[in-house]
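Have a look at the structure below, then the notes.
2 protein chains.
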Amino acid sequence: MAEVGAEERRVLVAVDESEESMHALSWCLNNIVSDKFRDTLLLLYVKPPRAVSTALDGTAYLFSSEVMLAIERYGNEVAEFVMEKAKRLCSELGDVKVETRIENGDARDVICQMTDKLGADLLVMGSHGYGLIKRTFLGSVSNHCAQNAKCPVMIVKKPKSTPNGH
Amino acid sequence: MAEVGAEERRVLVAVDESEESMHALSWCLNNIVSDKFRDTLLLLYVKPPRAVSTALDGTAYLFSSEVMLAIERYGNEVAEFVMEKAKRLCSELGDVKVETRIENGDARDVICQMTDKLGADLLVMGSHGYGLIKRTFLGSVSNHCAQNAKCPVMIVKKPKSTPNGH
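Residue numbers (UniProt numbering), protein chains in the order written: chain A, 1 to 166; chain B, 1 to 166.
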């Protein structure tokens with residue numbers, strides 16, 4: 001963790017398809033990233049785990065390989081689209097060193113693991129994202145990370161009054 | 001909320017008796033407070049609601065007035081002690097304008113209300129505090145605030161490796 005006098009910080013920003021995550025990133029660029037620290041922004045996108053459909057009787061049905069490939073391709077396109085958008089925002093709003101990382105798995109666990117693995121001094125994320133239904137059953141990703149990540153966690157909500165905030 | 005180009009920010013830090021909350025304050029002073037923004041630090045301490053003991057059968061027993069007064073006095077002393085400690089930390093670690101506020105009530109609700117009332121651009125708090133038992137039954141104060149406060153929320157954990165951190 002960055003201690004008194006330290007001059008380098010690694011700020012991990014978890015990005016996803018949501019407008020809120022882009023808002024969190026821009027808030028971070030405007031309010032956290034500072035010339036005083038030589039900050040590195042680590043942009044992390046977590047793709048959901050590979051699709052497996054489980055029926056109610058517990059039998060797992062695997063999709064055909066064509067469908068799997070199409071889902072995989074779509075997932076990669078979304079990941080690239082999100083990263084491009086995030087990188088553009090970084091260059092528009094600040095002059096900061098940016099690294100990107102795309103991972104697979106459950107966002108809850110992957111984000112927490114990556115704060116550790118990448119040596120993050122701070123994790124920044126939106127309060128929602130990663131789907132309403134999943135959130136309803138498992139609790140929000142941001143709550144989980146706030147409890148389980150070892151570094152400080154900044155949760156940024158998109159204000160309702162700004163419908164188009166990045 | 002502070003937008004691009006804004007130069008003043010009001011940072012609300014919820015302090016309590018815990019070492020973690022002092023750690024959160026010092027983290028904020030080292031990592032958030034910046035000369036770039038003319039930050040005002042709003043230190044908020046929330047005293048628990050007046051003591052009423054409820055027995056398991058639902059009957060409420062009120063304490064005698066002497067006991068109530070003693071509890072009240074103790075609560076005020078704790079509040080002052082916490083505020084003094086927090087203000088000392090602010091003057092040691094930074095040159096920042098500080099305002100203090102002591103309120104009564106359930107920390108969950110009061111902290112969220114005060115972010116609104118005091119026009120906070122950011123809320124900073126520890127992840128624990130406010131008692132293990134209450135937290136177990138009602139969920140953590142920080143989770144509640146991260147979900148309900150309208151401004152961005154920064155949750156700072158005390159690292160286990162620093163037993164005496166601020």
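Ideal placement from N, C-alpha and C gives every residue a C-beta, glycine not left out.
Chain B places no beta carbon closer than 7 Å to that of Ala86/A, leaving this residue out of the contacts.
In this model, Phe81/B and Lys150/A are separated by some 29 Å (Cα to Cα). As a beta-bridge residue in DSSP terms, Lys97/B pairs with Thr40/B. Residues of chain B with a Cβ closer than 8 Å to the Cβ of Ala146/A are, in chain order, Ser127, Ser142, Asn143, Ala146 and Ile155. Within the same chain, Cβ atoms closer than 6 Å to the Cβ of Trp27/B are found at Val156, the five residues on either side in sequence being excluded. For Gly75/B, same chain residues with a beta-carbon under 6 Å away, outside a window of 5 residues either side, are Lys47 in chain order. The C-beta distance from Val11/A to Leu41/A rounds to 5 Å, short enough to meet the 8 Å contact threshold. With its beta carbon at least 7 Å from every one in chain B, Ser21/A lies outside the interface. Per DSSP, Leu25/B is one residue of the alpha helix (DSSP H) stretching across Glu19 to Asn31. Nearest CB-CB separation between Pro152/B and chain A: below the 7 Å threshold. Distance from the CA of Glu8/A to the CA of Ala70/B, rounded to the nearest whole angstrom, comes to 49 Å. In the three-state reduction of the DSSP assignment, Lys160/A falls in the coil class.
Secondary structure at Glu8/B: strand, using DSSP grouped into helix, strand and coil.
For Ser65/A, the number of other beta carbons within 10 angstroms of its own is below 16, and it is reported as exposed. Beyond the five residues adjoining it in sequence on each side, Lys87/B comes within less than 8 Å, by CB distance, of Leu43, Val98 and Thr100 in the same chain, given in chain order. Nearest to Val110/A by C-alpha distance, out of Val67/A, Ser142/A and Met154/A, is Ser142/A. For the pair Lys85/B and Met154/B, the Cα-to-Cα distance works out to about 21 Å. Close partners of Lys36/B in chain A (Cβ separation under 7 Å): Ser34.
In this structure, the straight-line span from the alpha carbon of Asp116/A to that of Gly119/B is close to 34 Å.
Listed in chain order, the non-local C-beta contacts of Gly105/B below 6 Å within the same chain comprise Pro49, local neighbours out to five positions each way being set aside. Going by C-alpha positions, Ser140/B is about 18 Å away from Met22/B. Scanning its chain for C-beta atoms nearer than 6 Å, with the 5 sequence neighbours on each side dropped, one finds around Asn148/B the residues Cys112, in chain order. With distances taken between CA atoms, Leu25/A lies nearest to Val96/A out of Arg38/A, Arg73/A and Val96/A. One thing to note: Val13/B has its Cβ no nearer than 7 Å to the Cβ of Gly94/B.
Pairing Pro152/A with Leu122/A gives a Cβ-Cβ distance under 7 Å. For Ala107/A, the enclosing alpha helix (DSSP H) starts and ends at Ala107 to Lys117. In chain order, Arg108 place their CB closer than 6 Å to the CB of His144/A, counting only its own chain and leaving out the 5 sequence neighbours on each side. Boundaries of the alpha helix (DSSP H) around Ser142/A: Val141 to Asn148. Within the same chain, no Cβ atom closer than 7 Å to the Cβ of Val67/B is found once the five residues on either side in sequence are excluded. Of the residues Val124/B, Arg38/B, Glu103/B and Met114/B, the one whose Cα lies closest to the Cα of Glu72/B is Glu103/B.
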